[in-house]
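Have a look at the structure below, then the notes.
Protein chains: 2
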Amino acid sequence: MDSGLAQKPHELLADVLAAEMGKVNELIRTRMASEHAPRIPEVTAHLVEAGGKRLRPMLTLAAAKLCGYEGDHAVRLAATVEFIHTATLLHDDVVDESAQRRGRPTANLLWDNKSSVLVGDYLFSRSFQLMVETGSLRVLDILANASATIAEGEVLQMTAATDLRTDESIYLQVVRGKTAALFSAATEVGGVIAGATEDGVQALFNYGDALGIAFQIADDLLDYQGDAKTTGKNVGDDFRERKLTLPVIKAVAQATDEERAFWVRTIEKGRQEEGDLEHAMALMEKYDTLAATRDDANAWAAKAKAAILQMPEHPIRAMLHDLADYVVARLN
Amino acid sequence: MDSGLAQKPHELLADVLAAEMGKVNELIRTRMASEHAPRIPEVTAHLVEAGGKRLRPMLTLAAAKLCGYEGDHAVRLAATVEFIHTATLLHDDVVDESAQRRGRPTANLLWDNKSSVLVGDYLFSRSFQLMVETGSLRVLDILANASATIAEGEVLQMTAATDLRTDESIYLQVVRGKTAALFSAATEVGGVIAGATEDGVQALFNYGDALGIAFQIADDLLDYQGDAKTTGKNVGDDFRERKLTLPVIKAVAQATDEERAFWVRTIEKGRQEEGDLEHAMALMEKYDTLAATRDDANAWAAKAKAAILQMPEHPIRAMLHDLADYVVARLN
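In structure tokens:
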């Protein structure tokens, strides 16, 4: 892992893709406009301009460029992917009743749940129009399947998050739904639109899938070991919100009867008391589940690196390779 | 208008399309299943099995059959259209904070807003997969555009409904979004999948558009002149919910200063008092706006009939023709 780099891998990608990302941003601005409903750009501007790393559209552009693509459709697909991501954020905030995202008030707090639901729907329909413009049925098929995986994962999370029967395989499905499905669709459609070989398309899919899983596991781990200043989250938010994530799932799997009763009370029944977070952390410590979770994240990052090395050598391949290290570097 | 018919036009359509509708229902059941998230079929079954006339999928099947189509894609598109409809109902109920639909508790009351938002998203993604299976980019283009019109209309309605500047042209846009866009897409894709001529496709689009507008104007009128027993709504619900619909828009357009102040207080500011509904009804009576609204609904029904008569003679053409009369017959 090249920790001596002056620039982070996503910054290097942003530099090399600057011209295309400029077009993506322009397309996003144009397509989120609505002559008749000014509320739409108000709500979306709040989110789309909020910064974020634009990781997903960059993955599409990077995959296409890595495969030698020079046409305009990659820009459309990158905007598509960002619209889908933004729409899911809007709907997630309604579902989670969130008040903050990236340190700013959420749309549902600034406006209302109605705006978040309907503007999310509008962005989905805009993304749909953009992808149809590529004229590629295969791209449409990939994105339709990704959308279904995302939606199913969200519903699954809603019921599984507080259910102690949720094991690592269900967790993985949820993670694919909430994060990895869009990462893998983003890289896969980049390859498809560039006319990559079947092996290349598969490698790009595998890369996005593993990268997304590593990214989400890292995120869930940081909830318990992160520093509020760098993550923008307080330690233990997931515990307080009764969300079963990997560090707890691993502790539940090994729990004694007494420990299990603790998890039933705090997660399933949500009857939390002073000191419960500390006790939960102690149980994770007892079974060393934070380290085991970190190992899992690293293993998925390694899979992502192995997948991208199936592609021909290219400066972008090196950046994507390092990006896999970067998403878990925060943990190590 | 053939008022001597023993069976209503939508019942005749249901009879002649019974075999195809059976396949549509089977497809809906299969595709709303989710191995991993049992909450999904629970929520959708509640809505999909709730009855309703299944008017939209029947329009797709009828349009295709009228054009001589005998393949399987019409069934997929009919299920697509019903999924889109059901998804918008789920999201509408969150937006409207509705407690009842068709005399039954809504999903957001039985489960929660989360389920309504996420299961709606799931149905959208399922509809998207179904339409991709037809392999027709033109069908995808039509449905993508219809989705955007629907979403934009919903957002527009949210802001326009309580804004007295909302005139008849804005009302028409909202009506196209909330009702006519899916009706016209339903009939248009039926023609496209059947390989109808361009003139035929246009006539089917025009029929669905005008039928949808007539249907929605009739619905809005019945809110003020209907009988709670047949409509399942109480007279004046739209007034109490501060929704500007055509009968009120026509009264606002002719209001004296004093009357305008009444509309500002009751609709824009929502400060309603005992007796306000009766006063609103008196103002609509004064300008005879219920009759003018009925005339508009009849005019759109006449446009729908003229459009369908552009198609070649066929038993289904006669039923669609009579259906246009039927949607406004409740008013006359």
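Chains V and U are the protein sequences, given in the same order.
Residue numbers for the first sequence follow this note's numbering, beginning at 1 and rising by one.
Residue numbers for the second sequence follow this note's numbering, beginning at 1 and rising by one.
Don't be surprised by glycine CBs; every beta carbon is placed ideally from N, CA and C.
This structure is a prediction, so every number in the text was calculated from the model and none was measured.
Taking the C-alpha atoms as reference points, what is the distance between residue i and residue j?
i: V/Arg260; j: V/Leu283; result: 11 Å
i: U/Pro41; j: U/Ser115; result: 11 Å
i: U/Gln254; j: U/Tyr287; result: 8 Å
i: V/Val75; j: V/Arg56; result: 12 Å
i: U/Thr334; j: U/Ser169; result: As shown, chain U starts at 1 and ends at 332. That puts residue 334 of chain U outside it, with no answer to give.
i: U/Ala324; j: U/Lys65; result: 18 Å
i: V/Lys250; j: U/Cys67; result: 59 Å
i: V/Glu258; j: U/Thr44; result: 39 Å
i: V/Glu133; j: U/Glu278; result: 52 Å
i: U/Leu221; j: U/Leu290; result: 7 Å
i: U/Ala37; j: V/Ala306; result: 32 Å
i: V/Ile316; j: U/Phe128; result: 32 Å
i: U/Ala194; j: V/Val192; result: 30 Å
i: V/Ile308; j: V/Tyr69; result: 17 Å
i: U/Lys8; j: V/Leu244; result: 54 Å
i: U/Trp300; j: V/Ile84; result: 36 Å
i: V/Glu11; j: U/Arg165; result: 48 Å
i: V/Asp15; j: V/Leu59; result: 13 Å
i: U/Ala329; j: V/Asp112; result: 39 Å
i: U/Ala181; j: U/Lys269; result: 30 Å
i: V/Tyr224; j: U/Ala161; result: 46 Å
i: V/Leu204; j: V/Glu198; result: 10 Å
i: V/Asp219; j: V/Val94; result: 21 Å
i: V/Glu285; j: V/Ala318; result: 36 Å
i: V/Leu130; j: V/Glu26; result: 13 Å
i: V/Ala280; j: V/Ala304; result: 31 Å
i: V/Val235; j: V/Lys53; result: 23 Å
i: U/Leu13; j: U/Gln202; result: 22 Å
i: V/Asn298; j: U/Asp141; result: 42 Å
Would residue i and residue j be called neighbours here (beta carbons separated by less than 8 Å)?
i: V/Leu246; j: V/Asp295; result: no
i: U/Glu154; j: U/Lys178; result: yes
i: U/Gln216; j: U/Val175; result: yes
i: V/Glu82; j: V/Ile28; result: yes
i: U/Ala78; j: U/Val139; result: no
i: V/Gly135; j: U/Leu320; result: no
i: V/Arg240; j: V/Ile267; result: no
i: V/Ala87; j: V/Leu17; result: no
i: U/Phe124; j: V/Phe124; result: yes
i: U/Thr159; j: V/Arg39; result: yes
i: U/Gly190; j: U/Met311; result: no
Drop a sphere of 10 angstroms on the beta-carbon of residue i, count the other beta-carbons inside from all chains shown, and report buried for 16 or more, exposed for fewer.
i: U/Asp322; result: buried
i: U/Thr80; result: buried
i: V/Gly71; result: exposed
i: U/Asn332; result: exposed
i: V/Arg126; result: buried
i: U/Gly208; result: buried
i: V/Asp92; result: buried
i: V/Gly22; result: exposed
i: V/Asn206; result: buried
i: U/Val19; result: Checking the displayed sequence, the identity of residue 19 of chain U turns out to be Ala instead of Val. Flag for U/Ala19 reads exposed.
i: V/Arg271; result: exposed
i: V/Asp163; result: exposed
Using a Cβ-Cβ distance cut-off of 8 Å, determine whether residue i contacts chain A.
i: V/Tyr122; result: Chain labels in this structure do not include chain A; the protein chains are V and U.
Next on the checklist: Quick test of the definition: if touching needs 3 or more C-beta pairs under 8 Å, does the segment 28 to 35 of chain U touch the segment 117 to 130 of chain U?
Outcome noted: Touching, yes.
Checklist entry - Any chance the segment 185 to 192 of chain V sits against the segment 203 to 221 of chain V, with 3 or more Cβ pairs inside 8 Å? => result Short answer: they touch.
Next on the checklist: Tell me whether the segment 161 to 180 of chain U and the segment 137 to 155 of chain V touch, counting them as touching only if at least three CB pairs, one residue from each stretch, are closer than 8 Å.
Outcome noted: The segment 161 to 180 of chain U, when compared against the segment 137 to 155 of chain V, does not touch it at the 8 Å Cβ threshold.
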